[in-house]
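Data first, discussion second: the structure below is written as structure tokens.
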Amino acid sequence: MDMDVSLNLEAIKAALYSDDGEISPASSCEEQAPLLHNIRRSSGVDIATQTFFTFEKATQTPSRRTRDGQPILPIAEQSPSTTHSAAELPRVSLPTPALMLDDKLDAKKASARVRAFIRDVNLFFGIIPWGRDQRSCCLFLSQALRGNAKVWYDEWSLSQTQLTVESILENLRIRFAPQILSVEQEAHQKLADKSFYMRTGENVPAYHARLEALFQDIPDIHPREKLFWFQQGLSGVLQPKCAADEKGRPFTSYDDLVRHASGEEARILAERRFRSGVRSNAIAMQDVDGDDAMEASDGEPPAKRVRAHAPQA
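If you use this note's numbering, the sequence shown corresponds to residues 1267 to 1579, in order.
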């Protein structure tokens, strides 16, 4: 019995003692009572008088120890050595934007490349620490240009009295990516050129998402126009199946047409899978018949047929 009491006392000390020999506080006497009751019940001895002094000293320090004896500090009081330093944080190398223009690149691709470069540079300057320093950014741009873009920059910059990031990017766009048409006009041009048509291997959801992105550039487009262009751009297999609904009437709702096209595509794919399975089964059956014929040829030769003689008169 005495051994049980000593073990309970040692457990209390191990759980409550701190690094300076003191114990951590209990919140209230009401919370102390259940603990003492459990100790009495487990040991059979009233040790309230033996442990009471520990609760009296509990308010002296808030620190505790872990199982291996290390002090547990509150989050606000943790030393700098317990937190992650900047050197321990993962480092990610950012890709450096660059623009290469040569004579082999046509005007349309060069325009798209210049616009993409301007977008990437603006994102890059918003991330790096020196992105707001004009001199650093201008020096970076002078080294990020290649080929014809670099030749243009060297000639243009020598004639400027003051360089800014905005002036460099704006004049670069004017020189190599002039916006002859507005965004809405370019969208209408793509519709007229039929460059939005369904691509090889593209499914209906992907085609619909790409076409919707194009429609976003035309704010006042009518749902009937969407229906017409969506129907025109469908593949040769889907277009006749989407000319009318299940009742044979022309579509009047753009959303209904999109759902119908998705359903027809799913049915076509299911039929193809079924035919492929039937074809595979037929080939497998032919292989089995061929194996049976091979086994028959390896065994005894088949019996000769007896030719029936005509009855003699």
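Even glycine gets a Cβ: it sits at the ideal position worked out from N, Cα and C.
Alpha-carbon spacing of residue i relative to residue j, whole angstroms
| i | j | result |
| --- | --- | --- |
| Q1210 | D1386 | Residue 1210 lies beyond the stretch modelled for the chain, which goes from 1267 to 1579, so this question has no answer here. |
| S1359 | E1432 | 26 Å |
| K1374 | R1545 | 47 Å |
| P1346 | E1436 | Below a pLDDT of 50, predicted positions are generally treated as unreliable, and P1346, at 48, falls in that range; the measurement from the model is reported next regardless. Using only the alpha carbons, I get a separation of about 47 Å. |
| V1417 | L1477 | 38 Å |
| D1521 | F1496 | 10 Å |
| R1412 | K1370 | 14 Å |
| E1254 | S1461 | One cannot answer for residue 1254 here, as it falls past the ends of the chain, which runs 1267 to 1579. |
| I1534 | A1376 | 40 Å |
| G1397 | Y1419 | 20 Å |
| R1439 | A1378 | 10 Å |
| Q1505 | D1483 | 25 Å |
| P1361 | F1390 | 9 Å |
| L1500 | L1407 | 44 Å |
| R1441 | R1401 | 22 Å |
| L1523 | D1399 | 53 Å |
| W1422 | A1475 | 42 Å |
| G1529 | D1511 | 11 Å |
| I1394 | P1516 | 56 Å |
| V1449 | I1434 | 23 Å |
For residue i, the residue or residues it bridges with in DSSP
| i | result |
| --- | --- |
| G1413 | L1367 |
Where residue i sits in the DSSP three-state scheme
| i | result |
| --- | --- |
| Y1463 | coil |
| K1513 | coil |
| I1484 | coil |
| W1260 | In the structure as shown, the chain begins at 1267 and stops at 1579. Residue 1260 is therefore absent and cannot be evaluated. |
| F1444 | Looking at the sequence provided, one finds Pro at residue 1444 rather than Phe. Three-state result, P1444: coil. |
| W1418 | helix |
| R1439 | helix |
| R1379 | helix |
| L1429 | coil |
| P1506 | helix |
| S1501 | coil |
| D1522 | helix |
| R1539 | helix |
| N1469 | coil |
| L1228 | Lying outside 1267 to 1579, the shown extent of the chain, residue 1228 is not represented and no answer is given. |
| L1360 | coil |
Integer Cβ distance of residue i from residue j, believed to fall under 8 Å
| i | j | result |
| --- | --- | --- |
| L1480 | A1453 | 5 Å |
| A1536 | C1508 | Actually they are not in contact, since the Cβ atoms of A1536 and C1508 sit about 17 Å apart, beyond 8 Å. |
| A1363 | A1410 | Inspection of the sequence shows that residue 1363 is occupied by Pro rather than by Ala. Indeed, because the Cβ distance is near 6 Å, the residues count as touching under 8 Å. |
| F1383 | L1365 | 4 Å |
### Task
Would you mind listing the beta strand (DSSP E) stretches within the stretch 1382 to 1413 that are 3+ residues and don't spill past its ends, in chain order?
1411 to 1413
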